[in-house]
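Taking it in order: structure first as structure tokens, then the write-up.
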Amino acid sequence: MKAAHLFGFSTQDSRRSYLLWSLLLLGILITCITLMVLDADQLPRKHLLFAVGVIGLWRYSWKMVHAARAIYYRHYHYPKLRAAADLGGKASELLVIVPSYRVAASINYRVYRKLFEELQSYGVPSRVAACITDPVDVSLIEKAREDVGYDVAVDYLPQSGKGKRSAMAEALSLFLAQGIDDNAQLVLMDGDTLLSDNVFNQSCCFLSRFSDLGAITCHNVPLVKGSNVIRQWYKQRMALRNFYMNSLSLSHGLLVLTGRFSLFRARILVNKDFIHTLEHDSIQHWRYGRLKMLTGDDKSSWFYLLRYRWKMLYLPDVTINCVEEAIDSRFVVSSLNLMKRWYGNMLRNNGRALALGPKHCGFFLWLCILDQRVSIWTTLTGPAFVGLFALLYSPIIFAAYLAWVIIGRGLNCMVIALVSRSFHPLYIFLLWYEQVIGSALKVYVLFRLNRQKWNRQKIQTGGTSSLHDVLWPRLLTLASVMSLVLFIALIHGFLTI
Numbered sequence: 000m001k002a003a004h005l006f007g008f009s010t011q012d013s014r015r016s017y018l019l020w021s022l023l024l025l026g027i028l029i030t031c032i033t034l035m036v037l038d039a040d041q042l043p044r045k046h047l048l049f050a051v052g053v054i055g056l057w058r059y060s061w062k063m064v065h066a067a068r069a070i071y072y073r074h075y076h077y078p079k080l081r082a083a084a085d086l087g088g089k090a091s092e093l094l095v096i097v098p099s100y101r102v103a104a105s106i107n108y109r110v111y112r113k114l115f116e117e118l119q120s121y122g123v124p125s126r127v128a129a130c131i132t133d134p135v136d137v138s139l140i141e142k143a144r145e146d147v148g149y150d151v152a153v154d155y156l157p158q159s160g161k162g163k164r165s166a167m168a169e170a171l172s173l174f175l176a177q178g179i180d181d182n183a184q185l186v187l188m189d190g191d192t193l194l195s196d197n198v199f200n201q202s203c204c205f206l207s208r209f210s211d212l213g214a215i216t217c218h219n220v221p222l223v224k225g226s227n228v229i230r231q232w233y234k235q236r237m238a239l240r241n242f243y244m245n246s247l248s249l250s251h252g253l254l255v256l257t258g259r260f261s262l263f264r265a266r267i268l269v270n271k272d273f274i275h276t277l278e279h280d281s282i283q284h285w286r287y288g289r290l291k292m293l294t295g296d297d298k299s300s301w302f303y304l305l306r307y308r309w310k311m312l313y314l315p316d317v318t319i320n321c322v323e324e325a326i327d328s329r330f331v332v333s334s335l336n337l338m339k340r341w342y343g344n345m346l347r348n349n350g351r352a353l354a355l356g357p358k359h360c361g362f363f364l365w366l367c368i369l370d371q372r373v374s375i376w377t378t379l380t381g382p383a384f385v386g387l388f389a390l391l392y393s394p395i396i397f398a399a400y401l402a403w404v405i406i407g408r409g410l411n412c413m414v415i416a417l418v419s420r421s422f423h424p425l426y427i428f429l430l431w432y433e434q435v436i437g438s439a440l441k442v443y444v445l446f447r448l449n450r451q452k453w454n455r456q457k458i459q460t461g462g463t464s465s466l467h468d469v470l471w472p473r474l475l476t477l478a479s480v481m482s483l484v485l486f487i488a489l490i491h492g493f494l495t496i
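Sequential numbering of the sequence shown, starting at 0, is according to numbering that gives the first Met the number 0.
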């Protein structure tokens, strides 16, 4: 059975959905343009030109730089890497860590069965550390192994309930105690990740061929259980991820090694230093002091490799299927909760990565790390300008802004589709939502970095009722937003000094 139709849902979109959303977008655009023509004298041509010309020029130029890099990497640079890697041979051993928390039995069985099939196909000695939460998982995994007929060593590690970091550290400690070969490779994958055919044959050769390469990750295809909007949101995110990963990988560096599936040179992670780092990773915050990392284990492994100058690659022709189940049937609630965790992980790691400097990280990668902070504010300048003009002059600006969103984000999505080969009319609004609402959420999270939460495991830190944890974040958030609005008001002439 094809992965696209497993677990009762499909990755395919109907033509009717494309047509209806395309007609809706066209109708909204025509309406907005009509309103703009009728009230053309109310539109702030000079202000709009400045808003689009300065901030927009920077953002769209940056996007085109990424597009050029992504296309060059995908069609020219990567094929050369692939040709060289295919001559690289095999790993001496494969070590696999699969942390899962209350994954449905049907998914659990298929994930492990496919894993065993791929390990058998690759044909080297293998060991699997299954981090389980229920004794029933053992019988499911054993059945999957028997059905495949592959005699692979599986160690079952019941999770202590302290989170994914603790489970992974225990598995790494087990491999360390057992001993590993110098040319062994380590797979970190989630318990709801379905591997593709020949995934190890396609990916392990890169680490075997390039001695300075520390890790690789690959393209994720989401299998989503939820509404059409939630499904398109995940697909839009993966298309955007594919776009930026291709661009970044041209510099042989990445911004994350996703926990869904990443392959490492085993000796980098199977050592006491990294195991201690993974379990006790922390940052020093100017207001909260030492903050221990709860989520973001993939960011910890990424920063560890970055700190020791290991190269990282993205393999666009290798895919895995990740099962995504919305934590809430309401799109906004579900997406905000997920983004809050993702952006918190990014912001907690961004400062220390930025501090390494361009010489250590490489100029382009460091510039992208810097842009993670800058883009929070540049993305919000448009909505801030529109809000001010509507308040002081005319609400017709909303029609102009909506038309600009449809045209601007539409072109944006087309550029992304050139690399990712994925598009749906809903992507236009979802990209705006991801950028603008996401940036507003980043501002909120930026002053609350102590708050961390695992949605499935119900583990969280921070969020106390003390004045230190309630009043100060609110004041700092308000001050930063007011500073942005004041800056926009001054440069557009709404206020004068």
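Glycine included, every Cβ here is placed at the ideal spot set by N, Cα and C.
Helix, strand or coil for residue i, going by three-state DSSP, please let me know.
i, result
"F362", "helix"
"F422", "coil"
"R550", "What is shown of the chain runs 0 to 496, which leaves residue 550 out entirely."
"T216", "strand"
"F497", "Any answer about residue 497 is impossible in this case: the structure gives the chain only from 0 up to 496."
"K339", "helix"
"K62", "helix"
"T460", "strand"
"Y72", "helix"
"R473", "helix"
"Q451", "strand"
"P394", "coil"
"R351", "helix"
"S21", "helix"
"I427", "helix"
Taking the alpha-carbon positions, what's the residue i to residue j distance?
i, j, result
"L194", "S202", "12 Å"
"D150", "R340", "38 Å"
"V228", "G88", "43 Å"
"A166", "L118", "22 Å"
"K62", "L256", "22 Å"
"A170", "N336", "29 Å"
"H423", "M413", "10 Å"
"S328", "K224", "10 Å"
"L364", "D297", "17 Å"
"M0", "R109", "Note that M0 has pLDDT 42, beneath the 50 cutoff, so the model's placement of it is unreliable and the number below is only indicative. So the alpha carbons of these two residues sit roughly 11 Å apart."
"W471", "L369", "25 Å"
"V332", "Y100", "22 Å"
"G190", "A488", "50 Å"
"L28", "L18", "15 Å"
"A325", "A104", "18 Å"
"A168", "L185", "13 Å"
"L206", "A83", "11 Å"
"T33", "W403", "14 Å"
"I267", "L253", "17 Å"
I'd like to confirm something about residue i: is its beta-carbon nearer than 7 Å to some heavy atom of the ligand ADP, or not?
i, result
"R450", "The ligand content of the structure shown is nil, which means the ligand ADP is not present either."
Enumerate in chain order the residues of its own chain whose CB-to-CB distance from residue i is below 7 Å, with the five nearest sequence positions on each side excluded.
i, result
"D85", "C204"
"Q25", "Residue 25 is actually Leu in this sequence, not Gln. Contacts found: none."
"I140", "Y111, A129, V153"
"S21", "P424"
"S248", "Y72, L312, Y313"
"Y443", "T476"
"H284", "L290, L448"
Span of the alpha helix (DSSP H) holding residue i?
i, result
"P78", "77 to 84"
"H251", "That residue, H251, is in no alpha helix (DSSP H); it is neither H nor E in DSSP."
"V102", "Where V102 is concerned, there is no enclosing alpha helix (DSSP H), given that its DSSP letter is neither H nor E."
"L501", "As displayed, the chain neither begins before 0 nor continues past 496, which places residue 501 out of reach and without an answer."
"D296", "296 to 306"
"L277", "271 to 279"
"F174", "163 to 177"
Along the chain, where does the beta strand (DSSP E) that runs through residue i open and close?
i, result
"V95", "93 to 98"
"T192", "192 to 194"
"L156", "152 to 157"
To which residues does DSSP link residue i through a beta bridge?
i, result
"G288", "H284"
"Q184", "L93, R264"
"V404", "In the DSSP output, where bridge partners are listed per residue, V404 has none listed."
"C321", "T192, P221"
"I131", "P157"
"Y313", "T216"
Output needed for residue i: all residues of its chain with C-beta closer than 8 Å, excluding positions within five of it in sequence on either side, in chain order.
i, result
"S334", "I229, W232, Y432"
"R351", "I282, F302"
"T377", "I54, W57, R58"
"G122", "K89"
Residues in its own chain within less than 6 Å of residue i by CB, not counting five upstream and five downstream?
i, result
"N320", "A2, L193, V220, L222"
"A69", "F242, N245, S246, V418"
"G409", "I427"
"E323", "P221, V223, Y233"
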